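K.L.:
Please read through the structure below; I'll follow up with questions.
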Amino acid sequence: MKISKKQSVKKLNFNTLKFSGIILFVCLLLTQVNVFSQTKKGEKTCIECHKNTVKKDILHGPTATDCTVCHVSNGAKHPLENVTGFKFLEEGANLCYSCHEETQAEFKKKYIHKPVKKGKCTECHDVHSSNNKNFILEQSPALCFTCHEDFEKAEETAISIHKPSFDGKSCMICHTPHASNQKRLLVENSKQLCLNCHNKTITENDREIANIGKQLDESSHIHKALKKRCTSCHNAHFSNKNKQLLKETYPLGNYAKGLEDNYTLCFNCHDTDLLNLKNTTTATEFRDGDRNLHFLHLNKDKGRTCTNCHDVHSANNTKLIAKTRKFGRWSMPLKFSENENGGTCTGCHKALTYKR
């Protein structure tokens, strides 16, 4: 069969194109820089000496493909051979930002983590490889404890600890590791952050923690200390004061000695005279004439603690008077009504009225 001139040219063009494609592919393979392959016969690659940089599970992109993404290539066999060394293309965090531009933009927020501010990315991240997500040196909280040593010690010495801070969950549930517009590098407003978990009843061993979110939603009166933040009274991580993560002392239970030292938490805001003065016309509104009824209830060896009458978070009664109060298995009902010059209360006793 005779092939026409046109067909012959067409076939020749196809073969030429095919051959050119193969040549191009081979050239690309030969010129491709890879830290695992030799660049010239007899030369060692980076990885032959620096095996530790790739021994972990997850490789940083440049480590896996090309050291010269971060290091200056000077054509030397090794920096020890009378060469100045393989310097970085840019200094410090600027090298990281040359790829991680979106992260640099995040660092313009109001509060910046100190290592970030100093440009010390490597205090937390391994630049070559890691066994941890995001190339961090250790899992949180162990990584955080390398600087925040007091938190690590607290796990063994504190009276109470906030379990999410120590049970292997990440500190990043509450904090951002780089920068935030919230104080303490929180991921959002501190009160809302607490309510993200405390929006349900939590049972722990023999203790039940109320659904604070629901309680606040259903209450007409909120404790002023709680209106802005829970940390007015609570420590977020641990406490050396009592079992409820409180910042200062407050007695647990229904009874306690009427001493200032037992109520330092309350007296951060409230006047100590309501505990110490038997008679007053200024220290408290809970008085009959000048007879101080706070003193009457509190100042004795077996004084009634504040929570016998008040709910520390919120209530539908004025003065944060609770609806019920527990005495062992019994939930004692409280009834309180207020008027212009005093009020009437029923609970531990029959209805008693006071007038200022």
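Take 22 as the starting number for the sequence shown in the numbering used here and just add one per residue.
Think of the CB as a built atom: it goes at the ideal place given N, C-alpha and C, for glycine as much as any other residue.
Just so we're clear, the structure is a prediction, and the values are computed from it rather than from any experiment.
#1: Mapping DSSP to helix, strand and coil, what is Ala-343?
#2: If Gly-368 and Pro-354 are in contact, beta carbons under 8 Å, what's the gap, nearest whole angstrom?
#3: Assuming Leu-286 and His-315 are in contact, meaning their beta carbons sit under 8 Å apart, how far apart are those beta carbons, in whole angstroms?
#4: Could you work out which residue in Asn-338, Asn-329, Gly-349 is closest to His-370 when comparing CA atoms only?
#5: Spell out whether any CB of chain D is found under 8 Å from the CB atom of His-149.
#6: Less than 8 Å between C-beta atoms, sequence neighbours within five positions excluded: which residues of the same chain meet that for Phe-348?
#7: Can you give me the Cβ contacts of Pro-83 inside the same chain, cut-off strictly under 7 Å, excluding the 5 residues immediately before and after it?
#8: Can you pull the DSSP bridge partners for Arg-228?
#9: With a CB to CB cut of under 8 Å and the five nearest residues on each side skipped, what residues in its chain are close to Asp-322?
#10: Buried or exposed: His-121, going by 16 or more other Cβ atoms within 10 Å of its Cβ?
#11: CB Ser-150 to CB His-81, shorter than 8 Å?
#12: Is the distance from the Cβ of Ser-186 to the Cβ of Cys-251 below 8 Å?
#13: Would you say the stretch 239 to 258 touches the stretch 295 to 304, given that touching needs at least three Cβ pairs under 8 Å?
#14: Between which two residues does the beta strand (DSSP E) carrying Ser-358 extend?
#15: Going straight from the alpha carbon of Asn-73 to that of Ile-243, what length do you get?
#16: With contact counted as at least three CB pairs below 8 Å, one residue from each stretch, are the stretch 261 to 275 and the stretch 189 to 208 in contact?
#17: Would you decide whether Cys-48 is buried or exposed? Buried here means 16 or more other CB atoms lie within 10 Å of its CB.
#18: Contact check, Ala-114 vs Cys-142 under 8 Å by CB: the rounded distance?
#19: Tell me whether Ile-381 sits in a helix, a strand or coil according to DSSP, three-state version.
#20: First and last residue of the alpha helix (DSSP H) that includes Cys-142?
#21: Between the alpha carbons of Asp-311 and Ile-233, how many angstroms are there, rounded?
#22: By the DSSP assignment, the beta strand (DSSP E) with Thr-367 in it spans what residues?
#23: From what residue to what residue does the alpha helix (DSSP H) around Leu-373 run?
#24: How should Arg-308 be labelled, buried or exposed, when 16 other C-beta atoms within 10 angstroms of its C-beta is the threshold for buried?
#25: Taking only three categories from DSSP, how would you classify Asp-294?
#26: Along the chain, where does the alpha helix (DSSP H) that runs through Lys-245 open and close?
#27: Tell me the DSSP bridge mates of Asn-313?
#28: Looking only at its own chain, which residues have a Cβ that is under 7 Å from the Cβ of His-134, when we skip the five neighbours before and after it?
#29: Less than 8 Å between the beta carbons of His-334 and Gln-213, yes or no?
#30: Answer with buried or exposed for Val-93, where buried requires no fewer than 16 other C-beta atoms within 10 angstroms of its C-beta.
#31: Between which two residues does the alpha helix (DSSP H) harbouring Phe-288 extend?
#32: Give me the residue from Glu-170, Thr-293, Glu-144 with the minimum Cα distance to Leu-158.
#33: Give the secondary structure of His-92 by DSSP, where H, G and I count as helix, E and B as strand, and everything else as coil.
#34: Can you tell me where the alpha helix (DSSP H) with Pro-136 in it begins and where it stops?
#35: Go ahead and label Leu-110 buried or exposed: buried means 16 or more other beta carbons lie within 10 angstroms of its beta carbon, across all protein chains shown.
P.N.:
Concretely, from the data shown:
#1: Three-state result, Ala-343: coil.
#2: Between Pro-354 and Gly-368 the Cβ distance is about 7 Å, and since that is below 8 Å, they are a contact.
#3: Rounded, the Cβ-Cβ distance is 16 Å, inconsistent with contact.
#4: With distances taken between Cα atoms, His-370 lies closest to Asn-329.
#5: Structure shown: chain D not included; a single protein chain is present.
#6: Excluding residues up to 5 positions away in sequence, Asn-275 lie with their Cβ nearer than 8 Å to the Cβ of Phe-348 in the same chain.
#7: The answer, listed in chain order, is Val-90, Cys-91.
#8: DSSP output for Arg-228 lists Glu-225 as bridge partner(s).
#9: These residues qualify, in order along the chain: Lys-278, Gly-279.
#10: Here His-121 is exposed: its Cβ has fewer than 16 other Cβ atoms, across all protein chains shown, within 10 Å.
#11: By the CB criterion at 8 Å, Ser-150 and His-81 fall inside the cutoff.
#12: Going by C-beta atoms, Ser-186 is not nearer than 8 Å to Cys-251.
#13: For the pair of segments examined, the stretch 239 to 258 was found not to touch the stretch 295 to 304: the number of CB pairs separated by less than 8 Å stays below three.
#14: 356 to 360 is the extent of the beta strand (DSSP E) around Ser-358.
#15: C-alpha separation (whole angstroms): 58 Å.
#16: Because the criterion of three Cβ pairs below 8 Å is not met, the stretch 261 to 275 and the stretch 189 to 208 do not touch.
#17: A caution first: Cys-48 carries a pLDDT of 43, below 50, which makes its placement in the model too unreliable to give a value.
#18: The C-beta separation of Ala-114 from Cys-142 comes to about 5 Å, placing the pair in contact by the 8 Å criterion.
#19: Nothing can be reported for residue 381: it is not among the residues displayed for the chain, which extend from 22 to 377.
#20: From DSSP, Cys-142 is part of no alpha helix (DSSP H); its letter is neither H nor E.
#21: Cα to Cα, the separation comes out at about 36 Å.
#22: Element bounds for Thr-367: 363 to 367.
#23: In the DSSP assignment, Leu-373 falls outside any alpha helix (DSSP H) and within the unbroken beta strand (DSSP E) covering 373 to 376.
#24: Buried, by the Cβ-count rule.
#25: DSSP places Asp-294 in helix when its eight states are reduced to three.
#26: Unbroken alpha helix (DSSP H) run through Lys-245: 245 to 249.
#27: Asn-313 has Arg-308 as its beta-bridge partners, per DSSP.
#28: Excluding sequence neighbours, His-134 sits near Pro-198, His-199, Ala-200, Leu-206.
#29: Taking 8 Å as the Cβ cut-off, His-334 and Gln-213 do not qualify as a contacting pair.
#30: It counts as exposed.
#31: Per DSSP, Phe-288 belongs to no alpha helix (DSSP H) and is neither H nor E.
#32: With distances taken between CA atoms, Leu-158 lies nearest to Glu-144 out of Glu-170, Thr-293, Glu-144.
#33: It is a strand residue.
#34: Following the DSSP letters along the chain, one finds Pro-136 inside the alpha helix (DSSP H) bounded by residues 135 to 138.
#35: Taking a 10 Å sphere around the C-beta of Leu-110, we find fewer than 16 other C-beta atoms and assign the residue as exposed.
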